[in-house]
Structure formats: C-alpha cells, structure tokens
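The next block holds one structure in the form of structure tokens; read it before the comments.
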Amino acid sequence: MSISSDRQAPSLALRRFRAHRRSRKRRDADAFDAFYRLYVGGLLGLFVFYLALGLVDDVTVDSGAADWAAGMGSLWVSLVAAVAITLGVRSGANGGPLAIDDLELHHILLSPLDRSDVLHDPARQLLTFAAGMGALFGAAAGELASRQLPGEQLEWVLSGLLAGAAITLSGVGAAFLAATSRPGRRRRGVIIALSTVPTAWAIVDLVRADPTSPTSGFGDLAVWALDARPTALVALVVPIVLVGWGWIRKSTMSIERAHHRSQLVAQIRFALAQQDIRSLLLLRRQLAFETPRAEPWTHIRAGGRLEHRFPVLVRDARSYARWPLGRIVRVTGLAAIAGLSLAAMWQGTTAMVAVVGVALYLAAIEVIEPLSQELDHPGIMELIPIAPGRVILGHITIAILAMSTLWVVVGAVAMAAALDWRVGAASAIAAVPAAGAAVAAGGLSIRRFDSPALTVPAEVEGPRMVLRLLWPPALTLAGALPVLLARDAVTGGSPLVPAAATTAGLVGLVAIAAVAWIRFRDDFAIAAAEAQGHRR
116 MSISSDRQAP SLALRRFRAH RRSRKRRDAD AFDAFYRLYV GGLLGLFVFY LALGLVDDVT
176 VDSGAADWAA GMGSLWVSLV AAVAITLGVR SGANGGPLAI DDLELHHILL SPLDRSDVLH
236 DPARQLLTFA AGMGALFGAA AGELASRQLP GEQLEWVLSG LLAGAAITLS GVGAAFLAAT
296 SRPGRRRRGV IIALSTVPTA WAIVDLVRAD PTSPTSGFGD LAVWALDARP TALVALVVPI
356 VLVGWGWIRK STMSIERAHH RSQLVAQIRF ALAQQDIRSL LLLRRQLAFE TPRAEPWTHI
416 RAGGRLEHRF PVLVRDARSY ARWPLGRIVR VTGLAAIAGL SLAAMWQGTT AMVAVVGVAL
476 YLAAIEVIEP LSQELDHPGI MELIPIAPGR VILGHITIAI LAMSTLWVVV GAVAMAAALD
536 WRVGAASAIA AVPAAGAAVA AGGLSIRRFD SPALTVPAEV EGPRMVLRLL WPPALTLAGA
596 LPVLLARDAV TGGSPLVPAA ATTAGLVGLV AIAAVAWIRF RDDFAIAAAE AQGHRR
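Here the sequence shown is numbered in the numbering used here, starting from 116 and rising by one per residue.
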C-alpha cells in the first residue's frame, strides 16, 4: 500500500464508522414519531408566521415608515447581530460550540486520528444548520417587511436571507474564535467581559439613533431593499473571516470543556422535555461556570434584630448579595432590552410587546432565586416555626419589590429612548402590578401543580402542557398592557392616567390571583387528594 493510501485509511475508516452509526440510527428510529415532530414543528412555524403576517397587514403605514425602517430597523438588526456575537463568544469560552458525546470522545477523539478530521463533520453540520436557520428566519422577516415597505419583494427576501445567515454564522464563528484562541481558553472571564462591548455599543447606537457600532453593516444588509449602502458588504466579510478562522483552528479546541458541555446539553434537553424550568436554569449556570460569590457584595450581621423580626427579608438580601457580576449584568441587560422594546412599542411598533414580555419573564426567573432555593430544600422549610405558605408569600413579596426596582430601569430606558416623558409616567403607574405579574409568572414556572390524584384524558394532556408552558410568559406580557393602552389613549387624545391606572388595576388582580395560587398550592393539592380518596 502506498504512503498516500496509508494516510487516507484512517479517514476512510472514520467515514465508514459514522455512516454505519447513521444507518443504525435511521433503522432504530420511529418513522412515525419523526414525521409527527416534523409535522408539529412545521405547523407551529406556519401558525406563527401567518399570525405575524396578519399583524403586519393590519398595521397602517404612514409616509415615514420607510425612513424609520432604514434607520431604526437597521439599528435593531445591528443589536441582534451584536447579541449573537456576544452569545457566541460566551459559548466558545464555556466549551462550545460543539457538543461531543461519550462515544466520540473515548473512541474517536482519543484515538491516533487527526483531530481536525474528527471534528470536520460535526463542525460542518453545525455551520450548515446555523446558516439554514438564519436564512429561514431572515427570509421570513424580509417577506413580512415587503408587505408594508417600499421595495421589491424579492429584494427584501434576499436581503433578509443574507442578513439572517450572516448573523447566525457570525455567532457560530465567534464561538469558534473564543474556543480556539489561547486567550479564550485561559482568560475566560476577560473574554466574556470584552464580548459585551459590541452589544453595549449597539444599545448606545439605538438610543442615540446613530449607527457607529461594528455590527451596523448587518443592519444595512437587512434594509438593502430600501437603502443600498456599501457598508452592508462588511456583514458578508465578518462571518467568512470568523468561520474561516474557526475552521482552520478547530483542532485546538479544549476536549475536556467540550465533553463537559455535551453532558450538560443532554441534561438540558431532558429538562426541556420535562418543562422543568428550575433544573434548566441550574444547568445553564453550570454550563456558563456561574457560581455564587464566595465574598458577598455586602455583609449582613447574623443574629441581629433585623434578622429576628424579618428573617425572610434577610435571607433574600443575603441571596442577592452573592449574585455574581455576570448575573447582575444579565438582569440589567434584560431590563434595558425591555425598556428599548417598550419605547419601540410606544412609538407604534405594537409587536414589540412580545419582546418586553419575554425579557421581563427571563429577568423574573432570576429575581425569584431566593424562593427557588427555598423550594429546593423543602425539608429545611418544614423545620422553621413558620407556616411554609407564609415563608413563600414573604419571598414573593420581596421579589415583587426587587422587580419593581427593575421596572424603574425599564421605564427610564424607555423614556430616554423614546424621548417622551409620558412613557415613563405610564411605566411608573404599571410598575408594581407588572412586577407582581412577572414574579407570579416566575413562581408558576418553578412551582407547578402536578397532583397524582388528578388524572386527565390523554387528549387533554397535550393542550394542558402547552398551556402550562405558555401561560407564565403571557402573564408577564400582560404587565406591559397598561403602557400599551396608555399609548392608544394619548394617540386618541384621551388622558393617560385613567387608561394606564385602570389596566394596571386589572393586571394587579390577575397577579394577586396567581400569587394566591402559589401560596395555597399545597393546600389545593391536599384537598384534591382527599376528595379523590373520598370518591373511591
């Protein structure tokens, strides 16, 4: 055998081995189950697209819509690209973007095979999937934009397709760059901190309405059908450079971190399948190597009068005092995103209310961390000479106060971005009810009601699981309704305060009902079990 054929033999054996694994997976897979998943996913995607299409077609566009899309729309796409690059760098610094299973690690990567050849197929599959998903979402966004804005439909779809693919590939390329560079492996915290610079820069540009960030080319590419700028070509060069660097240097990735990541990813998928939000949050923190501070930001004296009179308050304060800097930055960033979305909603983009709801829901999940920790150790709570329901209610009350403080940040950012004091006033009126709704939504996510005494038909179980998944974010979204109705009142020439206050009162009543459910959840479960036992 020649020398060239000797060198090609290991690679050929690796390709045959993977082809054999793929054939076995296809043979063992349930074709009907795969078809059902594809059918449900496609049906859900079409439903969301046509729902967005209906919202877009119902919007009345004035003469300044094109100018707004060329300006503010470009800045929003620039922010999305900056966030994708930031998340990519974080993923690469934490062991990503590839997830290596045990079989690949122990039998292939630790073999004498060239590591670059081993990682060729996983890297290619990841890049193909990222480019395809980005192009799909980008083309859908371009199609929606072409419905109301000037320009050819084909140009909008193509520009959206290119922008979406460029953004996702840039994020994956940034992950490869962080995972393969020496500073990314040795200075993880510094690299992650530096990765927030593009996002912060894009947020400043959005507030100032002046594109100066390095990711502004992605925004120019997205609105190419309206305003063809040469800077849009930068958005095509960035992913090529990042992906090319990662492809050449992929053999220098840390195998230990990639293996650690793959194990956590498998657990995260299981938690998603079970809709276990608490486990999902803990696994995500492990994935990011996020641990509480060994030294709190401030010390609270143990055994003092304050702790004796308000033990739950002191317990929550100590939990917040050990928040790492990354969590503080993340929660503040979510509040800033909610504020910018609130400003866009106030200026007429009603669909941004969904972004407000999602951002505040994610922030609320972090804010209720003391309650989550308490529920993680039910045995300790039973030893406290206080009723468990009162302890839970105390945690919820303090979380609402913390979330109300965060709503101040949301209102301040919205007022600064919209340059209108009225959005700040409406946010202040809605602060406490909206905070209550967000905290209640977070509590419902981590404190589910699954009583074995209550059985439901199989036909009802599916819709019940979907409702349980969508209900908490919808409840958080309701917190922005007072600002939305206040905007409509101002547009119609009516007073702002009555519209905002009335809606805030209704939101507050819904939040109180949700908090009461969390407070008396165990009592309801016991009563249901007893009622089921009496029937038998």
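Glycine included, every Cβ here is placed at the ideal spot set by N, Cα and C.
Using the Cα positions of D320 and W339, report the straight-line distance between them to the nearest angstrom. 19 Å
What does a CB cutoff of less than 6 Å around P587 pick up in its chain, not counting 5 residues either side in sequence? A556, L559, S560
Between Q263 and S274, what straight-line distance do the alpha-carbon atoms span, to the nearest angstrom? 16 Å
R205 versus A350 - alpha carbon distance: 21 Å
Here's a check: name, in chain order, each residue in its chain whose Cβ is nearer than 6 Å to the Cβ of S120, leaving out the five neighbours to either side. For S120, the predicted structure reports a pLDDT of 48, less than 50, and the residue's modelled location is therefore unreliable. A value from the coordinates is still provided. Here the set comprises nothing.
Can you list, in chain order, the residues of its chain with a C-beta nearer than 6 Å to that of W316? Leave out the 5 residues immediately preceding and following it. S328
Going by alpha carbons, who is nearest to T413 out of W438, L402, R136? W438
Got a sec, what are the start and stop residues for the alpha helix (DSSP H) S456 sits in? 440-461
Is S189 buried or exposed, if buried means 16 or more other CB atoms sit within 10 Å of its CB? buried
Start and end residues, alpha helix (DSSP H) containing A738: Here the chain comprises residues numbered 116 to 651, so residue 738 is not present and cannot be evaluated.
Beta-carbon separation (whole angstroms), G288 vs L276, contact threshold 8 Å: With 8 Å as the limit, G288 and L276 do not qualify as a contact, their Cβ atoms being about 18 Å apart.
Span separating the alpha-carbon of Q462 from that of L251: 28 Å
Can you list the alpha helix (DSSP H) stretches of 4 or more residues lying completely in the stretch 371-436, in chain order? 392-402, 420-424, 426-436
Counting along the chain, where does the alpha helix (DSSP H) carrying S193 start and finish? 189-208
Rounded distance between the beta-carbons of L269 and L241, thought under 8 Å: At roughly 29 Å, the Cβ-Cβ gap does not stay under 8 Å, so L241 and L269 are not in contact.
Roughly how many angstroms lie between the CA atoms of D173 and M460, to the nearest whole one? Caution is warranted here: a pLDDT of 47 is assigned to D173, below 50, making its placement in the model unreliable, and no coordinate value can be reported.
Can you find the residues in the same chain that come closer than 7 Å, C-beta to C-beta, to T464, ignoring five residues on each side of it along the sequence? none
Distance, Cα to Cα, R137 vs G304? 38 Å
Using the Cα positions of A451 and L218, report the straight-line distance between them to the nearest angstrom. 43 Å
CA-to-CA distance, I363 to A532, given in whole angstroms: 42 Å
Under 9 Å, do A529 and A458 count as touching if we go by C-beta distance? yes
Anyone know if the C-beta pair for G286 and G203 falls short of 9 Å? yes
Which of the three DSSP states is assigned to G655 in this structure? Beyond the ends of the chain as shown, which are 116 and 651, falls residue 655; an answer cannot be given.
Taking only three categories from DSSP, how would you classify D236? helix
Extent of the continuous alpha helix (DSSP H) to which F291 belongs: 268-295
Among D431, G526, G266, A246, the one whose alpha carbon lies nearest that of G279: A246
Do R376 and G210 come within 9 Å of each other at the CB atom, strictly closer than that value? yes
If you run the structure through DSSP and keep just helix, strand and coil, what is G211? coil
C-alpha distance - L600 paired with T618, whole-angstrom precision: 8 Å
Residues in its own chain within less than 8 Å of A527 by CB, not counting five upstream and five downstream? G454, G539
Need the endpoints of the alpha helix (DSSP H) that P613 sits in, please. 611-634
Relative to the C-alpha of A502, which candidate in T243, S231, R634 has its C-alpha closest? R634
Report the residue from I355, L225, V523, R505 whose alpha carbon sits nearest the alpha carbon of R636. R505
Roughly how many angstroms lie between the CA atoms of Q390 and P500, to the nearest whole one? 33 Å
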